[in-house]
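**Student:** Residue 276 in the working numbering sits at position 64 of the sequence shown; the count goes up by one each step and never skips.
The beta carbon of each residue, even a glycine, is placed where N, CA and C say it ideally should be.
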Amino acid sequence: MDNAGKEREAVQLMAEAEKRVKASHSFLRGLFGGNTRIEEACEMYTRAANMFKMAKNWSAAGNAFCQAAKLHMQLQSKHDSATSFVDAGNAYKKADPQEAINCLNAAIDIYTDMGRFSIAAKHHITIAEIYETELVDIEKAIAHYEQSADYYKGEESNSSANKCLLKVAAYAAQLEQYQKAIEIYEQVGANTMDNPLLKYSAKDYFFKAALCHFIVDELNAKLALEKYEEMFPAFTDSRECKLLKKLLEAHEEQNSEAYTEA
């Protein structure tokens, strides 16, 4: 079947599903088997959505999955409703990023209500990525990465939380929110330096924190560097630490020359 044929079949399924939804609302049919008709409509919307997907009509697929999600909620099938909202979001991502975010937020609301915070965190990351790449709204991307990190922390998934926080720190530095970036890099550095598998990454986080300090204030950068060496002795012999010391020395010499000339 070609794409046009798939779309025609999907449109017919949508029409059949709508008929069943209307039939379930009539008084007598509502008394006798209303839920059965809603279940049948759910199945038809889902089949239609998959046909639209095969035809690469992403907006129509997203809409059909959304209709299924709403009916699943009507049937008190929270898990199925959330799954359909996620499917809708994934379809809309290819055609309508804002609508994708709306569907993913609807799924997140259900997952948090069910106490499924790790799954909710994963979908916050997807929303953050849409804001990064499609809608280019870095402030909103940061907010969703922060929310994801909070949920992961609550579930003791510290490695996943740190990944989100590092994205926040990188964007905070780009937006010249240096204090925020410093706090995150220090926090993640302190969290990873005692972990045998992650401790070699800690020097990179302390390096980035010190660079942010350096941009704001040279003296603070010097004090921060001393603090990091004390906290994490392995940092002292690292290339990153040596580079920072050379930068500070060069900056001090430059200031000294300027002072002498004045």
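Helix, strand or coil: how does DSSP classify Pro-445 here?
**Tutor:** Of the three classes helix, strand and coil, the one that applies to Pro-445 here is helix, per DSSP.
**Student:** DSSP state of Asn-158, grouped into three classes?
**Tutor:** Since the first and last residues shown for the chain are 213 and 474, residue 158 lies out of range.
**Student:** In whole angstroms, what separates the C-alpha of Tyr-364 from that of Asn-370?
**Tutor:** Cα-Cα distance, rounded: 7 Å.
**Student:** Grouping DSSP H, G and I as helix and E and B as strand, with all else coil, what is Gly-327?
**Tutor:** Note: Gly-327 maps to coil in three-state DSSP.
**Student:** Beta-carbon separation of Ala-307 and Ile-342 under 8 Å?
**Tutor:** It is not a contact, given that the beta carbons lie outside the stated cut-off.
**Student:** For Glu-230, does the three-state DSSP call read helix, strand or coil?
**Tutor:** Reduced to three states, the DSSP call for Glu-230 is helix.
**Student:** Spell out a yes or no on whether the segment 315–322 and the segment 347–354 are touching, meaning 3 or more CB-CB pairs, one atom from each, closer than 8 Å.
**Tutor:** Not touching, per the Cβ criterion.
**Student:** With DSSP collapsed to three states, give me the class of Lys-306.
**Tutor:** Three-state DSSP puts Lys-306 in coil, outside helix and strand.
**Student:** Looking at the structure shown, is Leu-410 part of a helix, part of a strand, or coil, going by DSSP?
**Tutor:** Three-state result, Leu-410: coil.
**Student:** Determine the closest residue to Ile-322 out of Lys-434, Lys-439, Met-266 and Met-285, with distance taken between C-alpha atoms.
**Tutor:** Checked all of Lys-434, Lys-439, Met-266 and Met-285; the closest Cα to Ile-322 is Met-285.
**Student:** Answer with buried or exposed for Thr-345, where buried requires no fewer than 16 other C-beta atoms within 10 angstroms of its C-beta.
**Tutor:** That one is exposed.
**Student:** Looking at Ile-250 and Val-223, is the spacing between their C-beta atoms short of 8 Å?
**Tutor:** For Val-223 and Ile-250, no; Cβs fall outside 8 Å.
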